[in-house]
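Counting along the sequence shown from 1, when you hit position 26 you're at 651 in this note's numbering, and nothing is skipped either side. C-beta: ideal position from N, C-alpha, C; glycine also. Bear in mind the structure is a predicted one, so any value in this text is a computation, not a measurement. One structure below.
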Amino acid sequence: MTLIPLKIANMTFQSVSLDKHNYYRAKHDAAPLTWDRNCQVHAQNWANQLLRTNTFGHSSDRNDMGENIWAYYMTRGKLKKTDEQMAEEAIKAWYDEVKKYSYIFPGFSKKTGHFTQVVWKDTTKVGMAIAKDSEKAFVCANYAPQGNVLARSEFKKNVKRKKGACSIM
Numbered sequence: 626m627t628l629i630p631l632k633i634a635n636m637t638f639q640s641v642s643l644d645k646h647n648y649y650r651a652k653h654d655a656a657p658l659t660w661d662r663n664c665q666v667h668a669q670n671w672a673n674q675l676l677r678t679n680t681f682g683h684s685s686d687r688n689d690m691g692e693n694i695w696a697y698y699m700t701r702g703k704l705k706k707t708d709e710q711m712a713e714e715a716i717k718a719w720y721d722e723v724k725k726y727s728y729i730f731p732g733f734s735k736k737t738g739h740f741t742q743v744v745w746k747d748t749t750k751v752g753m754a755i756a757k758d759s760e761k762a763f764v765c766a767n768y769a770p771q772g773n774v775l776a777r778s779e780f781k782k783n784v785k786r787k788k789g790a791c792s793i794m
C-alpha cells in the first residue's frame, strides 16, 4: 500500500490534474482553477482512507468543499498506469457525464454531479490526490467553493453549454 505523504504531491500529477480540469472548464466558459493545498490535503487524507479501508464513498467531512472520487481496480496483475494517466482518466470520466446533462432542465443529478462540479463557474480552487497499492488506486479531488448543490437557478448560472455546441438537451 502506498500512502503518498502530504508534504508534496508529485508535481507532474498536480500539473496534469490542473491542466485537465482547466481544459474542460474552458469548453464551458469557466475560468481556470488554481491549485489549493487545503483541498489537496483533504483529498489525500480521503484517498488514503479509501485505500486503507478498501471502501468507496464520499467523505462526510468536506468542510464545505465539493468532492469527486474515482477508483481503478485490477482484476488480474498489477497496476500499470501512471498516476498521471489515472488522473487524466478520472477527470475525463467525470467530464464525460456532460452527455447526460440537461441544459433545458438544469439541476443536480447523481448521473451528472461530477461533471457539474468540474465546470462549476463559481468554483475557483482544486486539489487532487491519489492513494494506491499494487492492485487498486483511489483518486480524489476537492473543490472550493463547493459547487453543484444549490438551487436550479445556480445551475443555469454556473454550468454553461459547451462553446459552439448545439444541444437538444
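Tell me the DSSP bridge mates of residue i?
i, result
"K750", "T659, A769"
"E692", "N767"
"I755", "V764"
"Y697", "A762"
Judging by CA-CA distance, which residue of the options is the nearest neighbour of residue i?
i, options, result
"T659", "V784, R677, H653, H646", "H646"
"S759", "L676, V743, N688, G738", "L676"
"S778", "F733, Q742, V743, T748", "F733"
"A756", "P731, Q669, S684", "Q669"
"A718", "K706, P731, F730, V743", "V743"
"T680", "V666, C664, Y697", "Y697"
"K706", "D686, F638, G772", "F638"
"P704", "Q674, D686, F763, I716", "As written in the sequence, residue 704 is Leu, which differs from the Pro given in the question. Among Q674, D686, F763, I716, the Cα nearest to that of L704 belongs to F763."
"H667", "P657, S685, T678", "S685"
"Q771", "L643, Y720, C664", "C664"
What distance in whole Å lies between the Cβ atoms of residue j and residue i, which are believed to be in contact at a cut-off of 8 Å?
i, j, result
"V723", "F740", "5 Å"
"K761", "M711", "Between M711 and K761 the Cβ distance is about 11 Å, and since that is not below 8 Å, they are no contact."
"A672", "A754", "5 Å"
"K652", "K788", "6 Å"
"R662", "Y728", "With 8 Å as the limit, R662 and Y728 do not qualify as a contact, their Cβ atoms being about 34 Å apart."
"V641", "E713", "6 Å"
"G738", "N773", "6 Å"
Buried or exposed, going by whether 16 or more other CB atoms sit within 10 Å of the CB of residue i?
i, result
"D708", "buried"
"G702", "exposed"
"A655", "buried"
"R650", "buried"
"F780", "buried"
"K725", "exposed"
"N688", "exposed"
"K735", "exposed"
"T748", "buried"
"S682", "Residue 682 is actually Gly in this sequence, not Ser. Per the 10 Å Cβ criterion, exposed."
"F730", "exposed"
"A634", "Only weak support is given to the placement of A634: the predicted model assigns it a pLDDT of 49, under 50, and the question is left unresolved by the model."
Let me see if you follow: with CB-CB separation under 8 Å, is residue i close to chain D or not?
i, result
"N673", "Absent from the structure: chain D. Only one protein chain is present."
Contact the stretch 677-695 vs the stretch 754-768: 3+ CB pairs below 8 Å: Judged by Cβ distances under 8 Å, the stretch 677-695 makes contact with the stretch 754-768, as three or more pairs qualify.
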